[in-house]
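Notes follow once the structure below has been shown.
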Amino acid sequence: MSERTATDRRGGAVWALLITSVAGFMAALDNLVVTTALPSIRADFGGALDDLEWTVSAYTLTFAVLLMFGAALGDRFGRRRLFLVGLTVFTGASAAAAMAPGIDSLIAARAVQGVGAAIMMPLTLTLLTAAVPVAKRGMAYGIWGAVNGLAVASGPLIGGSLTEHISWHWIFWLNVPLGLALLPLARLRLKESYGSGARLDIVGTLLASGGLFGIVYGLVRAPIVGWSDTLVLTGLFAGVALLCGFVRHGSRHQNPMLPMRLFRSRAFAGINAASLLMFLGMFGSIFLLAQFMQGVLGYSPTEAGLRMLPWTGMPMLVAPIAGYLSDRIGGRPVVAAGLFLQAVGLGWFAAVVAADVSYAAQLPALIVSGIGMSLYFAPASNLVMSSVRPDEQGIASGANNALREVGGALGIAVMASIFSAQGGYGSAQQFVNGIEPALWVGAAVVAVAGIAALFIPRARSAAATTGVVRDAEPAPVLENA
0 MSERTATDRR GGAVWALLIT SVAGFMAALD NLVVTTALPS IRADFGGALD DLEWTVSAYT
60 LTFAVLLMFG AALGDRFGRR RLFLVGLTVF TGASAAAAMA PGIDSLIAAR AVQGVGAAIM
120 MPLTLTLLTA AVPVAKRGMA YGIWGAVNGL AVASGPLIGG SLTEHISWHW IFWLNVPLGL
180 ALLPLARLRL KESYGSGARL DIVGTLLASG GLFGIVYGLV RAPIVGWSDT LVLTGLFAGV
240 ALLCGFVRHG SRHQNPMLPM RLFRSRAFAG INAASLLMFL GMFGSIFLLA QFMQGVLGYS
300 PTEAGLRMLP WTGMPMLVAP IAGYLSDRIG GRPVVAAGLF LQAVGLGWFA AVVAADVSYA
360 AQLPALIVSG IGMSLYFAPA SNLVMSSVRP DEQGIASGAN NALREVGGAL GIAVMASIFS
420 AQGGYGSAQQ FVNGIEPALW VGAAVVAVAG IAALFIPRAR SAAATTGVVR DAEPAPVLEN
480 A
């Protein structure tokens with residue numbers, strides 16, 4: 000290889016890392032950036048609790064159910080081409096959300112944002128992989144992951160700062176110049192690539208989308224109109240029926256979006272159950288706590304974002320330690336310990352929550368929750384990848400990411416239903432009456448996630464399974480039931 004060719008390849012890898020990292024940052028940021036802006040949105044538009052739920056869930060739900068379909072579209076029609084499509088949709092929807100004249104149009108724009116993110120986000124890794132030499136991919140993935148982690152950690156703080164010092168509209172305007180700058184760079188600097196054997200499971204996508212929408216709709220509307228309401232019951236029963244159809248489809252179809260045979264692996268089933276339950280408890284808690292800090296304790300949006308950093312920002316400090324521990328003792332005990340600590344943190348918060356609780360009383364709960372979340376995140380992806388064959392890792396990664404987003408959407412719906420059944424926005428004490436049982440439920444759900452993680456089989460070396468002794472350190476293989 001000539002020196003000029005090597006230089007061009009290095010330059011291409013750097014540009015790919017920059018473009019995909021910024022795009023991933025935008026998509027990850029919008030998961031939590033809205034949380035600290037919810038009181039201001041409610042003040043401007045006068046939305047009820049179910050409206051606030053949909054401003055978050057409309058994004059996470061469309062993101063979740065279309066994520067694997069978006070990856071398949073890129074494999075079939077060109078990853079760069081679909082990345083540009085997804086980035087364009089996401090940027091345009093961000094502008095529409097910023098200019099939304101009412102809560103309904105904001106929710107619609109958030110749903111379209113999720114569509115764009117579902118197309119864009121899974122293609123960031125495939126485009127990065129195609130541009131970076133094999134020897135440098137570990138470092139590139141690490142930088143990409145760190146940038147995405149920074150987006151999650153800084154989401155409440157960025158959202159709070161923009162809301163307080165400019166306006167909540169700027170949490171969406173922020174994406175527009177970034178998207179407009181990335182579009183020409185992606186067109187010029189990324190190389191087109193295609194996947195082999197790409198498949199489009201339209202039936203599976205429709206079943207999953209309809210089923211999840213029906214269940215979330217029922218959970219969101221029930222506290223407002225009653226659990227016996229015809230539309231609520233229709234949504235819940237139809238949602239369950241469609242998801243059963245999705246499971247049947249995944250079991251029998253030749254090329255399903257999510258092959259149900261993967262769940263025969265105890266390792267794959269365990270880590271995905273843990274992930275879904277973890278995000279259910281965590282997202283629902285953050286949704287309510289961000290409002291509690293502002294509406295009850297009187298913190299400004301920026302102050303609320305800063306005070307949540309011991310929880311949301313802890314992965315930046317603890318994740319390297321968690322990675323080291325998982326290499327030494329295996330991922331299962333680290334993930335399980337992290338989930339149990341997260342459960343303890345939520346339970347601690349539920350025990351101290353009050354209309355006049357001091358930040359000093361909240362801080363231990365935030366720190367314990369943050370350490371728990373950090374211990375979960377670092378080894379979880381490796382456990383997912385180790386639970387399937389190499390040729391199934393793309394599907395496994397997409398499924399795990401989708402289930403995390405589904406857990407987030409369900410968590411907001413479930414915990415907001417508990418909140419509205421026991422309390423409300425009428426007074427500080429009413430808010431406390433609602434958030435306390437919701438946090439206890441969140442703690443219980445995450446504790447169940449920890450129990451699910453304990454069912455993940457222990458890792459054993461590939462050499463041990465084959466009887467072959469290798470010079471290089473073997474990759475872990477997870478035993479199946």
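Numbering-wise, numbering that gives the first Met the number 0 puts 96 at position 97 of the sequence shown, and it's gapless, one number per residue. A virtual CB, placed ideally from N, CA and C, is assigned to each residue, including glycine. Just so you know, these numbers come straight off a predicted model, no measurement behind them.
Let me know if residue i comes out buried or exposed under the rule of 16 or more other beta-carbons within 10 Å of its beta-carbon.
i    : result
Q253 : exposed
M98  : exposed
G39  : The sequence as given places Ser at residue 39; Gly does not occur at that position. Counting Cβ neighbours within 10 Å, S39 comes out buried, since at least 16 surround it.
S227 : exposed
A42  : exposed
E191 : exposed
I328 : exposed
A134 : exposed
D49  : buried
I165 : exposed
Y323 : exposed
S250 : exposed
L382 : buried
Q428 : exposed
T233 : exposed
R109 : buried
T229 : exposed
V231 : buried
R388 : exposed
R403 : buried
G238 : buried
Which same chain residues end up closer than 6 Å to residue i when comparing Cβ atoms and leaving out the 5 residues on each side of it in sequence?
i    : result
A480 : Low per-residue confidence applies at A480: pLDDT is 33, beneath 50, and the placement is therefore not dependable, though the value from the model is reported in the following sentence. Only R265 meet the Cβ criterion.
A483 : Any question about residue 483 goes unanswered here, given that the chain covers just 0 to 480.
L242 : G210
V131 : A12, A139
S373 : M313, P314, V317, A318, A321
A207 : V64, F245
L257 : G249, A398
S104 : none
W167 : A36, S39, I40
For residue i, which residues of its own chain have a beta-carbon under 7 Å away from its beta-carbon, when the five flanking residues on both sides are left out?
i    : result
L362 : P309
L438 : S284, L345, F348, A349, V352
Y358 : R306
E163 : S299, P300, T301
T90  : N174, V175, G178, L179
F454 : R265, G269
Which whole-angstrom value describes the C-beta separation of residue i and residue j, a residue pair presumed to lie in contact below a C-beta threshold of 8 Å?
i    : j    : result
M414 : N174 : Actually they do not touch by this definition, with Cβ atoms about 27 Å apart.
T301 : G159 : 5 Å
L287 : F418 : 6 Å
V317 : V343 : Not a contact, Cβ separation roughly 15 Å.
A446 : F339 : 7 Å
A63  : V444 : Not really, about 18 Å apart at Cβ, beyond 8 Å.
G115 : V88  : 3 Å
M67  : A395 : The pair is not a contact, with the Cβ atoms about 11 Å apart (cut-off 8 Å).
G218 : A12  : As written in the sequence, residue 218 is Leu, which differs from the Gly given in the question. Actually they do not touch by this definition, with Cβ atoms about 44 Å apart.
L189 : L124 : Wrong, their Cβ atoms sit about 13 Å apart, outside the cutoff.
S416 : A268 : Not a contact, Cβ separation roughly 27 Å.
Y375 : V334 : 5 Å
A96  : Q112 : 6 Å
G407 : T34  : That pair is no contact at about 11 Å.
R331 : A452 : 6 Å
S274 : A379 : 6 Å
V21  : L156 : With 8 Å as the limit, V21 and L156 do not qualify as a contact, their Cβ atoms being about 18 Å apart.
I170 : A36  : 6 Å
M277 : A448 : 5 Å
M119 : L86  : 5 Å
From the beta carbon of residue i, is the nearest beta carbon of chain D less than 8 Å away?
i    : result
S386 : Annotation note: the requested chain D is absent from the structure, which comprises a single protein chain.
Between residue i and the rest of its own chain, which residues show a CB-CB distance below 8 Å, the 5 nearest in sequence each way excluded?
i    : result
V202 : H248, H252
E52  : V219, F286, I411, A412, A415
Counting pairs of beta carbons, one from the region 16-24 and one from the region 280-294, are three or more of them closer than 8 Å? no
Taking three-plus beta-carbon pairs below 8 Å as touching, is the region 182-194 in contact with the region 76-92? yes
If contact is defined by three or more beta carbon pairs under 8 Å, each pair taking one atom from either stretch, is the region 291-298 in contact with the region 415-434? yes
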